[in-house]
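Q: Submitted below is the structure of interest, expressed as structure tokens.
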Amino acid sequence: MGSWRRALAATLATAIAAVALSGCAKAPEKIVVRGAPSLLDVFQRVGAEYERLHPGIDIVPEFNCPICVLPAIEGAVGRIDVIVATGERDITRFGATDQIAFETPVAFGTATLALAVPAESDVDIRGLGDLLTEPVRTVGIGDPDTTELGRATKQAMSRAGIWDELSTAGHSGASKLKTARTGCKLLQWLRLGECDAAVVFDFCLLGPSPPARLVQRLPASTYQPVTLVLAVNERSSVADRARHLAEFVTGPEGAGVLSTAGVTPPDEQ
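So the mapping is simple: this note's numbering equals the position in the sequence shown, first residue as 1, plus 45.
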């Protein structure tokens with residue numbers, strides 16, 4: 046056999062061996078995490094750190110749909126190994142099915158409410174009281190009936206003595222309030238200038254290019270805490286690994302990562 050034929054044979058043998066080995070390589074073990082869209086950045090950070098420390102694990106974030114509406118949409122739930130939520134009521138909406146039965150939710154952080162305005166806004170807003178002024182026409186808030194963000198916002202505004210007037214706009218009878226099911230929708234309104242102000246979670250305003258400008262963090266004493274919780278689906282095919290992820294998130298290593306995302310430990314607000 047000529048030298049070129051021997052070289053070709055060696056190359057082919059190497060290629061065949063590489064293909065065979067790659068076919069035998071173990072695929073990453075996936076953990077599907079579902080959560081509210083506003084928590085995507087928070088969980089991407091902690092998920093990336095978990096993947097770094099545990100090679101062979103692939104955290105798959107599914108944060109594209111408000112989890113409060115998932116149970117009502119046929120076929121929308123899909124696979125859930127771990128669920129992340131702002132408060133337990135979003136989790137309890139699921140109930141138990143053949144595929145899903147969540148274990149007891151565990152707190153991993155507390156969210157802080159913040160008053161924000163569009164980045165280029167020239168409306169003079171320095172606090173909640175300024176929302177009553179005439180230049181402010183629309184104020185975005187979470188839906189008080191379906192979201193923890195809205196529930197806490199209503200409490201803070203009521204404590205400040207402005208809820209009734211904002212919701213009826215004084216003598217005009219037209220509410221200034223515009224409600225959303227997700228914090229992401231509120232941020233979109235701020236970005237597009239579709240509201241003059243909004244109350245959002247402060248961790249949504251972090252990062253090099255925040256979508257809006259922070260005006261004020263609302264005093265924690267004016268609303269009941271918004272606790273960030275997670276729960277493992279005990280019927281998941283990777284339930285043990287999902288529990289390990291949950292332990293990481295709720296432990297000291299996870300807390301360190303979460304602090305960089307603006308999440309306060311559950312007992313420190």
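Glycine residues also receive a C-beta, built at the ideal position from the N, C-alpha and C atoms.
To which residues does DSSP link N278 through a beta bridge?
A: Partner(s): F147.
Q: Mind checking N109: buried by the 16 CB within 10 Å criterion, or exposed?
A: Burial call: exposed.
Q: Taking the continuous alpha helix (DSSP H) assigned at V96, which residues delimit it?
A: Correcting the residue identity first, residue 96 is Glu in this sequence and not Val. L85 to L98 is the span of the alpha helix (DSSP H), which, as asked, contains E96.
Q: Would you mind working out which of F293, G132 and Q144 sits nearest G92, comparing C-alpha positions?
A: Closest by alpha carbon: F293.
Q: Tell me the DSSP secondary structure of A197 in three-state form.
A: The answer is helix: DSSP assigns A197 an H, G or I state.
Q: As a quick exercise: from A81, P264 and P73, pick the residue whose alpha carbon is nearest that of L275.
A: Ranking A81, P264 and P73 by Cα distance to L275 puts A81 first.
Q: Can you tell which of F153, M202, D209 and A287 has its C-alpha closest to the C-alpha of E133?
A: If we check each option's Cα against that of E133, F153 comes out closest.
Q: Mind reading off the beta-carbon distance from I207 to G174? Whole number of angstroms is fine, and I expect it under 8 Å.
A: Confirmed, about 7 Å.
Q: Going by Cα to Cα distance, which pick from D167, T224 and L158 is closest to G190?
A: Looking at the sequence shown, residue 190 is not Gly but Asp. Checked all of D167, T224 and L158; the closest Cα to D190 is T224.
Q: Helix, strand or coil, according to DSSP, for Q233 in the structure here?
A: Looking at Q233 - three-state DSSP - the assignment turns out to be helix.
Q: Distance, Cα to Cα, R138 vs T295?
A: Looking at the two C-alpha atoms, the distance is approximately 23 Å.
Q: Among all the DSSP beta bridges, which residues are the ones paired with L259?
A: DSSP output for L259 lists A161 as bridge partner(s).
Q: With a Cβ-Cβ cutoff of 8 Å, do F88 and P100 count as a contact?
A: Cβ distance not < 8 Å, so F88 and P100 don't count as in contact.
Q: What is the rounded straight-line gap between the Cα of R182 and the Cα of P163?
A: Cα to Cα, the separation comes out at about 13 Å.
Q: Among E279, A219, E74 and L176, which one has its Cα closest to the Cα of G140?
A: When each option's Cα is compared against that of G140, the closest is E279.
Q: Is it true that the CB of V129 sits closer than 8 Å to the CB of V78?
A: Yes; because the gap between Cβ atoms is below 8 Å, this pair is in contact.
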